[in-house]
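Residue numbers (this note's numbering): 3 to 105.
Where is the CB? At the ideal position from N, CA and C, for every residue including glycine.
Spelled out as structure tokens, the structure:
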């Protein structure tokens with residue numbers, strides 16, 4: 003998995019690529035929570051994710067819950083078919099805000 007981020011004064015976009023699994027989901031979790039702690043809305047760009055396991059989904063859920071507690075925007079953008087399949091199985095496609103393009 004690789005992570006990169008783009009930030010502007012009002013929001014942060016975290017670009018995730020590769021496979022998100024138990025080995026690296028902690029890194030994703032830390033990055034998402036750090037962006038939220040900085041007080042910015044967060045968009046997670048997932049078009050380059052080929053695989054995500056339950057630990058990766060848990061990192062997204064934890065960040066989503068933190069954003070809700072802080073009254074911040076948290077959304078997923080350009081979700082790859084592999085990730086969307088997992089989200090739909092867990093019915094999380096109805097929980098997360100899904101966008102076509104990061105803002």
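field: Continuous alpha helix (DSSP H) stretch holding residue 33: start and end
entry: 27-39
field: Which residues DSSP lists as bridging residue 9, in chain order
entry: 14
- prompt: Just curious, the beta strand (DSSP E) that residue 54 is in, first and last residue?
  reply: Start and end: 44-54.
query: Where does the unbroken alpha helix (DSSP H) through residue 84 begin, and where does it stop?
result: 83-91 is the extent of the alpha helix (DSSP H) around residue 84.
query: First and last residue of the beta strand (DSSP E) that includes residue 98?
result: Neither: residue 98 is in no beta strand (DSSP E) and is coded neither H nor E.
field: Cα-Cα separation between residue 27 and residue 58, rounded to whole angstroms
entry: 5 Å
Best match in 70, 98, 93, 71 for proximity to residue 79 [C-alpha to C-alpha]: 98
field: Residue range of the beta strand (DSSP E) that includes residue 78
entry: 76-79
As assigned by DSSP and simplified to three states, the class of residue 21: strand
- request: Note down, in chain order, each residue of its chain lying with its Cβ closer than 8 Å to the Cβ of residue 35, except the 5 sequence neighbours on either side.
  value: 64, 65, 68
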